Amino acid sequence: MSPAQTSPPRPRARRRRFGWPQRVFSQVLLMQLAIATGVTVLATGLFLAPLSAQLDDQAMRRALAIAGTTASPRLAADLTGTQPSARGPVQTEAERIRTSTGAEYVVVMDTRGVRWSHTDPAAIGRRVSTDPTDVLAGRKVMEIDSGTLGRSARGKTPLRDADGRIVGAVSVGIEYDSVRDRLLAAIPGLLAYAGGALAAGALAAYLISRRLQRQTHDLAFSDISALLAEREAMLHGIREGVVALDRNGSVRLMNDEAQRLLGLGPEAAGRPLDEVLGRGRTADVLAGRVTGEDLLTVRGHRVLIANRMPTDDGGAVATLRDRTELERLGRELDSTRGLIDALRAQDHEHANRMHTLLGLLELEMHEEAVEFVTEVVGVHRATAEQVTEKVHDPLLAALLVGKATVSAERGASLRLTPDSLLPDLLVDPRELVTVVGNLVDNALDAVAGTPGARIDVSFRAEGRTVVLRVADSGPGVPEERRELIFTEGWSTKALPSHGKRGLGLPLVRRLAERRGGTARVADGLDGGAEFTVVLPDALTEPDPVPDVPAAGPESAADTAARGPEAAAEAALRGPEAAADPALRGPDPEPVEEAR
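Residue numbering for the sequence shown follows my numbering, starting at 2 and increasing by one per position.
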């Protein structure tokens, strides 16, 4: 089942437990409510603390303002010109001001601290209950203190006569209960705002928790942790590569197998796919620009099968399977079948010649029999010598001799152009064997069933660069398909037994581009298709004076002289056989001795 179709995990059955809730929804909701409540209480306290101080300051300033208004020169004259009494002018004026301003008390004192006015007439003539030193020294005083009338906000100011001399002081008190009442009156409105904010926070917390509940499928934190551990174990334990992409095409995650197959590291996570992989078919397949199932792509030296599945969030999950070994075995199987076909053709040809020779001997036409054998041997030697005169590398020459034999069996003529010449200086002969083998095989498929089928192979050395051309007399390649045929997985042929085609020409181009060369196709001079491959630095510098002749592998002439069977076997076994002696098998006996 694809990730897009996977049903969401169900929460595990749990017994009801008291105490701290287990579900993510409940835990997040409680935490958010606690945070909202704490913030509301803190904000309310932070607002009330300065509000109380502000109300206290306002009360003290109001008391000081009333005291300043009361301390007039006329009151100073009454203070110095009369005696303190309950009906004196000082008491009368003080009570008038207290009543009109709503102050708790207005006390007028002389320089000795004796009261000349008070709300309680019995207190007139007595000393004040608080120390008047500061105010009698000429300083204004604001304070909150307790006296005979209780706690109050007080303002004190000196009382000066017309000449500016201090003759007493005026103390005004604002009842502290009135300040507290104002503070308490502001609390309900403040709590209403705080309650509204708390309700809005609770609603937001609930909505967020519900969304989180849907996204986590109502799982507990322990369940999420277990699922994450299981996912990590599954992703990094399977044999397939898994690449997850987000909706922007960036790599979300990549398991160990995908990193190995793509040749990437953990740092690829979070980066755009095209930046990580570069331009090419692999990036196009994983990004969804090329659609289909079991898409073939090549990354480095690996052959990969990719599938891409979209997910509900707009991203995608791609899986990769390594088919490198399977493709290698498939190519070996194709090579083995080609070898069998070549041997079957040789066996058929050899049987016909033996029958002819037997008939000549039975008819006692001995001279004709000798001429027939000489002619047959000469034809094979001529073919081998024609190849080895122009291609000096033994492995490549053996390949061409074998391909010539197979071509003849299929009714086609494979020949080297007269201007072909390739010295025995190849840096990697197996690389050129792969290129030539793929191009000749494609040419054989193209000319199959056509009259006068012909394949022309041309080699040219330009400094250290090898230029290879393979032209055929087939139908050619339409211009709109000339780039498409170099794409992995694209082929016009029927599928082989191992299930995939479309690797030969892409491999040729990759080998050429790896050396900084090119591989392209165009129309041939006589119709058909002409493939041109340029391989820079494919030749080594010649050694001017070899010190000791090396006993290397057998030459192309030696291989060809042993007969077409040996050449076909050496060529069709491919570069793997050339590199691994265990794959070559026993050398066949020379043709002359076998005959």
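Just so it is clear, CB atoms sit at the ideal spot from N, CA and C, and this is done for glycine as well. In this text, all values refer to a predicted model and were calculated from it rather than measured experimentally.
Under the DSSP assignment, A405 falls in the alpha helix (DSSP H) whose first and last residues are P395 to E410.
In the DSSP assignment, D323 falls within the beta strand (DSSP E) that extends over A317 to D323. Here the segment 107 to 119 makes contact with the segment 78 to 92; the two share three or more CB pairs at distances below 8 Å. Where G505 is concerned, the enclosing alpha helix (DSSP H) starts and stops at G505 to R515. Residue burial annotation: E105 is buried, with at least 16 other C-beta atoms found within 10 angstroms of its C-beta. Contact holds between the segment 521 to 528 and the segment 468 to 483, because three or more Cβ pairs, one in each stretch, are under 8 Å apart. L246 is bridged by DSSP to V252 and A317. Taking the Cβ atoms as the reference, V277 lies roughly 6 Å from L265, within the contact range of under 8 Å. Assignment of beta-bridge partners to M110 by DSSP yields R116 and A170. Annotation for I98: the continuous alpha helix (DSSP H) segment containing it runs P90 to T102.
Going by beta carbons, I67 and T102 fall inside the 7 Å limit. A direct Cα-to-Cα measurement between G518 and V437 gives close to 15 Å.
The three-state secondary structure of V428, taken from DSSP, is coil.
For P74, there is no enclosing beta strand (DSSP E); the enclosing alpha helix (DSSP H) covers residues P74 to G82. Ranked by Cα distance from T320, the first of F373, R329 and R309 is R309. In chain order, A68, G69, A72, K141 and V171 place their CB closer than 6 Å to the CB of T158, counting only its own chain and leaving out the 5 sequence neighbours on each side.
A60 is not a Cβ neighbour of V173, given a cutoff of 7 Å. Between L359 and H393, the alpha-carbon positions lie close to 37 Å from each other.
S474 sits in coil when the DSSP states are folded into three classes, being neither helix nor strand.
Between G316 and L236, the C-beta spacing is not below 7 Å. A residue is called buried when at least 16 other Cβ atoms come within 10 angstroms of its Cβ; D164 does not meet this threshold and is exposed. One alpha carbon belongs to A288, the other to R282, and they sit about 10 Å apart. In this structure, A307 keeps its C-beta atom at 7 Å or more from the C-beta atom of V291.
S130 sits in coil when the DSSP states are folded into three classes, being neither helix nor strand. A Cβ-Cβ contact shorter than 7 Å links K404 with L415. Contact between G190 and I167 does not hold, since their C-beta atoms are separated by about 45 Å, which reaches or exceeds 8 Å. In the DSSP assignment, L263 falls within the alpha helix (DSSP H) that extends over D257 to L263. For K141, the three-state secondary structure derived from DSSP is coil. Rounded to the nearest angstrom, the gap between the Cα atoms of V318 and P395 is 49 Å. Looking at the backbone, the Cα of A454 and that of S408 are separated by about 9 Å. In this structure, I125 and A95 do not form a Cβ contact; the two beta carbons are roughly 10 Å apart against a cut-off of 8 Å. Counting along the chain, the unbroken beta strand (DSSP E) around V304 starts and ends at R303 to P311. Under the three-state reduction of DSSP, D58 is assigned to helix. Under DSSP, E241 forms no beta bridge with any residue. With a beta-carbon spacing of about 7 Å, L540 and V428 fall inside the 8 Å limit used to define contacts. For L417, there is no enclosing alpha helix (DSSP H); the enclosing beta strand (DSSP E) has its first and last residue at S414 to L417.
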